[in-house]
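To start, the structure itself, in structure tokens.
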Amino acid sequence: MSDPIIRIDNIVKRYGHLTVLDGLSMEVMPGEKLALIGPSGSGKTTILRILMTLESISGGFIQVEGEQLYHMTKGDRLVPADERHLHKMREKTGMVFQHFNLFPHKCVLDNVTLAPMLTKGIARADAERRAMDLLDMVGLADKAKSMPAQLSGGQKQRVAIARALALSPKIMLFDEVTSALDPELVEEVLNVMRKLAEETDMTMLLVTHEMGFAHDFADRVLFFDHGKIVEEGKPGDIFRHPTQERTQAFLRKIIAAGHRV
Amino acid sequence: MSDPIIRIDNIVKRYGHLTVLDGLSMEVMPGEKLALIGPSGSGKTTILRILMTLESISGGFIQVEGEQLYHMTKGDRLVPADERHLHKMREKTGMVFQHFNLFPHKCVLDNVTLAPMLTKGIARADAERRAMDLLDMVGLADKAKSMPAQLSGGQKQRVAIARALALSPKIMLFDEVTSALDPELVEEVLNVMRKLAEETDMTMLLVTHEMGFAHDFADRVLFFDHGKIVEEGKPGDIFRHPTQERTQAFLRKIIAAGHRV
Amino acid sequence: MIDWSGYIGLILEGAWVTVQLTLMGSALALVAAFAAGLGRLSRFMAVRALATTYIEFFRGTSIFVQLFWAYFVLPFAGITLTPLQAGVLALGLNVGAYGAEVVRGAVKAIGREQREACIALNLTRRQAMRHVILPQALPLMLPTFGNNAIELLKGTAVVSLISLTDMTFQAQVVRAQTGSTLIPFATILVLYFIMASVISFGMRWLERRATRGLDGVRA
Amino acid sequence: DENKLEELKAQGFARIAIANEPPFTAVGADGKVSGAAPDVAREVFKRLGVADVVASISEYGAMIPGLQAGRHDAITAGLFMKPERCSAVAYSEPILCDAEAFALKKGNPLGLKSYKDIADNPDAKIGAPGGGTEEKLALEAGVPRDRVIVVPDGQSGLKMLQDGRIDVYSLPVLSIHSLIEKANDPTLEVVAPVEGAPVYCDGAAFRKGDESLRDAFDVELAKMKESGEFAKIIEPYGFSAKAAMSTSREKLCAAK
Amino acid sequence: MEWDWEFVRQVMPTLLEGAKITVLATVLGAAVAAVLGLLFAVVRMAAPAPVARVTSFAVEFIRGTPLLVQLYFIFYVLPDIGIRLPALLGGVIGLGIHYGTYAAEVYRAGIENVPRGQWEAAKATNLTERQTWIHVILPQAIPPMIPALANYLIAMFKETPLLSAITVLELMNQAKSIANSNYRYIEPMTLVGVFFLIISLISVVFLRFLEERYARVEERR
Ligand SMILES: Nc1ncnc2c1ncn2[C@@H]1O[C@H](COP(=O)(O)OP(=O)(O)OP(=O)(O)O)[C@@H](O)[C@H]1O
Ligand SMILES: Nc1ncnc2c1ncn2[C@@H]1O[C@H](COP(=O)(O)OP(=O)(O)OP(=O)(O)O)[C@@H](O)[C@H]1O
Ligand SMILES: [Mg+2]
Ligand SMILES: [Mg+2]
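In order, the protein sequence lines correspond to chains A, B, C, D and E.
Numbering-wise (our numbering), the first sequence opens with residue 1 and increments by one.
Numbering-wise (our numbering), the second sequence opens with residue 1001 and increments by one.
Numbering-wise (our numbering), the third sequence opens with residue 2001 and increments by one.
Numbering-wise (our numbering), the fourth sequence opens with residue 3001 and increments by one.
Numbering-wise (our numbering), the fifth sequence opens with residue 4001 and increments by one.
As structure tokens, then:
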């Protein structure tokens, strides 16, 4: 068995007096598909944002592909990472946001090519060729010249996925990527993600409230509560036979609210 | 059998060149609970807003309790209603919005008492007594002095329901009242509405994407598409044996997106 | 008989000075606004402090005081400016200080989400600013820049108090020479209004161009 | 500075400050500056070998600071010589002399003939240019500050008098005459000269330190007075050459 | 020419006298502007079309032309049609009208910023138009406007030196008068600058306070 691609070691995250993550540890193997579920405010988004270096951490260590994420060695001491180190580490990871966060002033194609051209110095022609492949993959090749404002929510989110993929990250993070969409548009995005999960060996971490999708998609489900992992296991086990009281209560509520598991 | 409380007769609604409602007719019996479902943009919200007189109509007639809503007789001719007539007719109807639209500068209690005091001249003490009963009914008596900003989405929506009930309308309109809520909070609002449907004989029109709830709640389901009623019937029939191709396609999509019927 | 055509000609000469002051002042203001506005968002404490000092100083003291200093006090420091230079300097730096806040506000208005998307795509701060933030911030700035340009135009009337022969000053001269108050003042009021209208018309045109294809983005 | 004149010759012009006050200064419809003060200055500088003068119109109060700040080479504006001013700038010999005058409503309803009269009448308001001789005289005569209205320019003063905002407007005799003439207003009259007010003369004012330039200016000015050229320039504007020639800088600067 | 403290001490009382007038003109001008601004805004939003259009044009015209020239007009031209205002009053009215046109924009933005849902909720609870304005719209519209209005108050304060053109003896005019009779510009002008700077710095703190206080109101929506 290979080494974990992500090793989270006892990290702590505080906002002022509020402790959001309280000594969290976990490991993710290369190629693993992980679903993070749990009640609102339990810290699911926070852990993704920390992996994307959008937040700082208050304590603990994270290794990605065996390298420290928030630290670097100077002589024989570990010191906080500088911008240069973070920049290098960010190459490994991509993220898709709940609200897409497309660049509204650039057409779909430019949204996808901007980062490869700027960060990797890829020539426009090459970047566009690859972008068209990706847009084709998410079923939007014909929208390459549209502006984001002209797309539906589902289309925007598919563009956002293509944009993140354009940098060929090893790890992809998805934070409730369908929860801002009209119910009818959810499916088209989930289809793209299903295809992605099947066809690539990328490592994927997914925060979602779509239990049905989490079930089909994930190799492993982590149930979060109050900044801790309360329960984890194969989706079939967690959803059908949760052992923890909190997990049971949460699933009951979600089901009562009309969601299918 | 009694007369319909609402009779909609061939109404047309246009925005510029876009025809949103195209010769729609329907009747609602007193005490009936109606669910309006259908794809986005099909005109469900529009028909509720027209009944609440938040929009004007481009053609057709509406009668509420046998009186014209948008027209009045002058001599022996029907003329467009003036503000005075609309004001009188609005007394019969209350509406709860998707985004609550509470008055943010007033506390929960004042939100509920404002309209009865201003429109019916009810004394503050009486208005507050009745408001407390209503807040008790929606389970928020202890929040009477809170400001809306201090409430969760589900609590806000329950206050909005109490506010609409405070005017004792004969007809209540609900427009996707749970779709702006976190999944965990949906249930508390639906519970209040279930109770309401059982305990009162108010006429209720409900636009929703929660098929499960529509099923339990409604006496009759109307399926809208492109500003027309495509199919209608008892919830059990519509959901389990839709006869129209459009209805079948819509339900398939919704189910695929993870909603329970 | 008063030679009105001649005196109106004098006022038009003043109008030309006013136009020059407005154009050059706006150019200086634009440069100062971006330098100081972005300076205030810098990572470096010293740059922020410098930008803040400039902005607060020029927004804090009155344009009159700034003009009088540029004209009467700077020479004692060995810097003698022509009245036109002094006027452009004071007006440009004054309006630039207000513009700096507009630049800063617009950049900050391009929300956290866009910045985070840039980080997730591994753009550097410079790249994010240049390719993502500024192109979106610019259309937000334009309407206020238009108002600032009109403020600057109106501010040029003040330079008549330091004897720069702008439109208002020439109106004063014509008034002294002809004894008529109504005609010169009514004339310049209309001229100022025309100039202001040209500015706001031009700005609206620019704004339409800059927001093309962005419809609905800020809904 | 000793070489000032050479510098001016080399650059071909001298910068002079003038006021916006006929007949000391006049601006034609073509924008050309004339009037008694600039005309004399232009002629003297020409004789000194400085081809032209560039005139900029300035407030009275800003003239001396402007001179000190190096904005002008000379002031030729009807800035009357007075002891304090003599210590602030270097004056030439006298050029334009004038007494003070009042413009007031026809029939002089308040009976004002001197600054003292104004001080004694608690209802009387006087308008005068800010930092000018008239403001000083009024204050010295005991008119309280709130009854001395600082008026930005002659036309404004006249208008305020017509509108009844002030009861009397004080300027040099010739300025008042020129104003009243343009206004052509039968409801106004002039009291000239003001009783008890001294006759004043202006001179071209130079920066302290430019005395050599001033001395050269004096030499040419004296020659022009001698030849009658001087009278020919200023008398058409109403000024008296005799008045200027019968006094001297020394006397005026010493006067109390 | 160097700095003379003795001279500073001498002229201080006169300058303070002027400062009093400056503050007075600002306060009165602000009051006029606040009232006129609301009037302009409401007329433009609610009056019959012709009236609204004429008002709009007048407002645009006033906004597009310099206050200085407007002051000359009020003081030197209006008497020709029989309106003779005392200098300070004329100044206050000039400031009030000019800044009223700015305030009008602020009011309009404030009112338009109240979400449409609030109008609809008011209708759904059957409030009349008047009741909606008084109980729902204005109480929400006004607090967020306060910082923007205060901003214009400060801008107006800094434009009071223009009143010297119409003979009001405010701070700037006093300073000029001192400068003129003593031939010293550095001290009085610097003191005026310092005075403006101090007041402005204080008002920046005050503004931050207002912004914080009323921004919170806005967030609650
Ligand atoms: N910038 C911040 N400042 C202060 N507190 C924050 C901040 N961001 C998040 N939090 C708090 O951290 C906690 C965890 O938030 P997080 O967004 O990770 O929850 P979540 O599990 O993603 O919830 P949801 O399902 O609602 O998205 C919450 O209590 C939240 O209020
Ligand atoms: N103010 C408006 N101006 C122009 N078009 C409008 C306006 N309001 C609604 N529409 C259009 O009318 C149509 C019907 O809208 P409506 O809101 O009634 O749909 P809906 O069935 O409620 O959809 P949803 O499920 O998305 O709420 C849509 O095409 C919409 O774009
Ligand atoms: Mg989250
Ligand atoms: Mg709707």
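Ideal Cβ placement from N, Cα and C applies to all residues, glycine included.
On a predicted model such as this, the values are computed, not experimentally measured, just so you know.
Going by beta carbon distance, what residues of the same chain come within less than 8 Å of Tyr3200 of chain D, once the five residues before and after it are set aside?
Within the fourth sequence, numbered from 1, the residue matching residue 3200 of chain D stands at position 200. For Tyr3200 of chain D, where only same-chain residues beyond five positions count, the Cβ hits under 8 Å are Phe3080, Met3081, Lys3082, Cys3097, Asp3098, Ala3099, Glu3100, Thr3133, Pro3172 and Leu3252.
Output the boundary residues of the alpha helix (DSSP H) element that contains Met137 of chain A.
By one-based count along the first sequence, residue 137 of chain A stands at place 137. Counting along the chain, the alpha helix (DSSP H) containing Met137 of chain A begins and ends at Arg124 to Met137.
So Thr1113 of chain B is in the alpha helix (DSSP H); what residue range does that whole segment cover?
Your numbering for residue 1113 of chain B matches position 113 in the second sequence. Segment Val1108 to Lys1120, the alpha helix (DSSP H) holding Thr1113 of chain B.
Residue from D:Val3050, D:Lys3032 and D:Lys3113 with nearest C-alpha to Asn3020 of chain D:
On the fourth sequence, position 20 is the one that residue 3020 of chain D refers to. Comparing Cα positions, the closest option is D:Lys3032.
Under 8 Å from the C-beta of Ile2207 of chain C: neighbouring residues of chain A
Looking up residue 2207 of chain C in the third sequence gives position 207. According to the sequence as given, residue 2207 of chain C is Glu; it is not Ile. Contacts between Glu2207 of chain C and chain A, judged by CB atoms closer than 8 Å, are missing: the closest CB pair is about 14 Å apart.
If I'm right that Ile3118 of chain D touches Val3143 of chain D with Cβ under 8 Å, what's the distance once you round it to whole angstroms?
Start at 1 with the first residue of the fourth sequence, and residue 3118 of chain D comes out as number 118. Start at 1 with the first residue of the fourth sequence, and residue 3143 of chain D comes out as number 143. That belief holds up - the Cβ atoms of Ile3118 of chain D and Val3143 of chain D are roughly 5 Å apart, short of 8 Å.
For Gly1227 of chain B and Val173 of chain A, the rounded distance between their alpha carbons:
Against the first sequence, residue 173 of chain A aligns to sequence position 173. Against the second sequence, residue 1227 of chain B aligns to sequence position 227. Position check: residue 173 of chain A holds Leu in this sequence, whereas Val was assumed. Each residue's alpha carbon lies about 40 Å from the other.
Find out if the Cβ-Cβ distance for the pair Ala3205 of chain D, Ile3057 of chain D is shorter than 8 Å.
Position 205 of the fourth sequence, counted from the first residue, corresponds to residue 3205 of chain D. Position 57 of the fourth sequence, counted from the first residue, corresponds to residue 3057 of chain D. No, the Cβ-Cβ distance between Ala3205 of chain D and Ile3057 of chain D is not below 8 Å.
Taking the C-alpha atoms as reference points, what is the distance between Leu2021 of chain C and Thr2211 of chain C?
In the third sequence, residue 2021 of chain C corresponds to position 21, counting from 1. In the third sequence, residue 2211 of chain C corresponds to position 211, counting from 1. Approximately 29 Å, taken between the alpha carbons.
Exposed or buried, Val4194 of chain E, counting other C-beta atoms within 10 Å across all chains shown (16 or more means buried)?
In the fifth sequence, counting from the first residue as 1, residue 4194 of chain E sits at position 194. Exposed, because fewer than 16 other Cβ atoms sit within 10 Å of the Cβ of Val4194 of chain E.
Status (buried if at least 16 other CB within 10 Å, exposed otherwise) for Phe4209 of chain E
The residue you call residue 4209 of chain E lines up with position 209 of the fifth sequence. Phe4209 of chain E comes out exposed.
I'd like the list of long-range same chain contacts for Val2217 of chain C, defined as Cβ closer than 6 Å, with 5 residues on each side in sequence excluded.
The count along the third sequence starts at 1 and reaches residue 2217 of chain C at position 217. Because Val2217 of chain C sits at a pLDDT of 43, beneath the cut-off of 50, its placement in the model cannot be relied upon, and the following sentence gives the value as read from the coordinates. Around Val2217 of chain C: no qualifying Cβ.
Check the Cβ-Cβ distances between Ile254 of chain A and every residue of chain B, and say whether any is below 8 Å.
On the first sequence, position 254 is the one that residue 254 of chain A refers to. Ile254 of chain A counts as touching chain B.
Check whether the stretch 3240-3254 of chain D and the stretch 3083-3093 of chain D touch, using three or more Cβ-Cβ pairs below 8 Å as the test.
yes
How long is the line joining the alpha carbons of Glu4060 of chain E and Glu4105 of chain E, rounded to whole angstroms?
In the fifth sequence, counting from the first residue as 1, residue 4060 of chain E sits at position 60. In the fifth sequence, counting from the first residue as 1, residue 4105 of chain E sits at position 105. Cα-Cα distance, rounded: 11 Å.
DSSP beta-bridge partners of Ala3055 of chain D
Position 55 of the fourth sequence, counted from the first residue, corresponds to residue 3055 of chain D. Note: Ala3055 of chain D sits in a beta bridge opposite D:Ile3016.
Phe1223 of chain B bridges to which residues according to DSSP?
Counted from its first residue, the second sequence places residue 1223 of chain B at position 223. Phe1223 of chain B is bridged to B:Ile1037 and B:Glu1231.
Enclosing alpha helix (DSSP H) for Val20 of chain A [first to last residue]:
Counted from its first residue, the first sequence places residue 20 of chain A at position 20. Looking at the DSSP string, Val20 of chain A is not in any alpha helix (DSSP H); the run it does join, the beta strand (DSSP E), is Leu18 to Val28.
Which residues bound the beta strand (DSSP E) around His71 of chain A?
Locating residue 71 of chain A in the first sequence gives position 71, counting from the first residue. Start and end: His71 to Lys74.
Closer than 7 Å by beta-carbon distance: list the chain E residues that pair up with Phe1239 of chain B, in chain order.
Locating residue 1239 of chain B in the second sequence gives position 239, counting from the first residue. For the C-beta of Phe1239 of chain B, not a single chain E residue is nearer than 7 Å; the gap to the nearest is close to 30 Å.
Please confirm whether Ala2090 of chain C has its beta-carbon closer than 8 Å to some beta-carbon of chain D.
In the third sequence, the residue the question calls residue 2090 of chain C occupies position 90. So, not an interface residue.
Counted within 10 angstroms of its Cβ, other Cβ atoms place Glu245 of chain A as buried (16 or more) or exposed
By 1-based counting over the first sequence, the position of residue 245 of chain A is 245. Under this definition Glu245 of chain A is an exposed residue.
Given this structure, state the Cα-to-Cα distance separating Tyr3237 of chain D from Tyr4072 of chain E, to the nearest angstrom.
On the fourth sequence, residue 3237 of chain D is found 237 positions in, with the first residue counted as 1. On the fifth sequence, residue 4072 of chain E is found 72 positions in, with the first residue counted as 1. Straight-line Cα distance between these residues: approximately 30 Å.
8 Å Cβ cutoff, Ser3058 of chain D in contact with chain C:
In the fourth sequence, residue 3058 of chain D corresponds to position 58, counting from 1. Chain C, which has a Cβ nearer than 8 Å to the Cβ of Ser3058 of chain D, makes this yes.
6 Å Cβ shell around Asp2166 of chain C - same chain, five flanking residues per side excluded
Against the third sequence, residue 2166 of chain C aligns to sequence position 166. For Asp2166 of chain C, where only same-chain residues beyond five positions count, the Cβ hits under 6 Å are Gly2014, Val2017, Thr2018, Thr2156, Val2159 and Ser2160.
What would DSSP say about Pro3172 of chain D, mapped onto helix, strand or coil?
Here residue 3172 of chain D refers to the residue found at position 172 when the fourth sequence is read from its first residue. Correct three-state label for Pro3172 of chain D: strand.
Nearest to Gly60 of chain A (by Cα), restricted to the options A:Gly23, A:Met204, A:Pro39 and A:Asp76:
Within the first sequence, residue 60 of chain A is the residue found at index 60, counting from 1. Per the Cα distances, A:Gly23.
Cβ-based neighbour list, Ala1149 of chain B, same chain, cut-off 8 Å, excluding 5 preceding and 5 following
Counted from its first residue, the second sequence places residue 1149 of chain B at position 149. Excluding residues within five positions, the ones whose Cβ falls inside 8 Å are Pro1104.
For Gly2146 of chain C and Ser2200 of chain C, which I take to be in contact (beta-carbon distance under 8 Å), what is that distance rounded to the nearest angstrom?
As a first step, residue 2146 of chain C must be located in the third sequence, where it is residue number 146. As a first step, residue 2200 of chain C must be located in the third sequence, where it is residue number 200. With a Cβ gap of about 6 Å, Gly2146 of chain C and Ser2200 of chain C count as contacting.
Mapping DSSP to helix, strand and coil, what is Arg4220 of chain E?
Residue mapping note: residue 4220 of chain E aligns to position 220 of the fifth sequence, counting from 1. Caution is warranted here: a pLDDT of 39 is assigned to Arg4220 of chain E, below 50, making its placement in the model unreliable, and no coordinate value can be reported.
Along chain B, in chain order, which residues have C-beta atoms closer than 9 Å to that of Ser262 of chain A?
Beyond the ends of chain A as shown, which are 1 and 261, falls residue 262 of chain A; an answer cannot be given.
Any idea if Tyr4076 of chain E is buried or exposed, counting beta-carbon neighbours within 10 angstroms, 16 or more meaning buried?
Position 76 of the fifth sequence holds residue 4076 of chain E. Burial call: buried.
In chain B, which residues lie less than 8 Å from His209 of chain A when you measure between Cβ atoms?
On the first sequence, residue 209 of chain A is found 209 positions in, with the first residue counted as 1. The answer, in chain order, is Pro1183.
Mind listing the chain A neighbours of Glu1176 of chain B? Cutoff is C-beta to C-beta under 9 Å, in chain order.
As a first step, residue 1176 of chain B is located in the second sequence; it is residue number 176 there, counting from the start. Result: empty, since nearest Cβ-Cβ is about 11 Å, beyond 9 Å.
Mind checking if Glu32 of chain A is an interface residue toward chain B, Cβ cutoff 8 Å exclusive?
Here residue 32 of chain A refers to the residue found at position 32 when the first sequence is read from its first residue. It does not: the Cβ of Glu32 of chain A has no partner Cβ on chain B nearer than 8 Å.
Contacts of Pro4079 of chain E in chain D (Cβ-Cβ under 7 Å):
Position 79 of the fifth sequence, counting from 1, holds the residue named residue 4079 of chain E. Here the neighbours are Asp3163.
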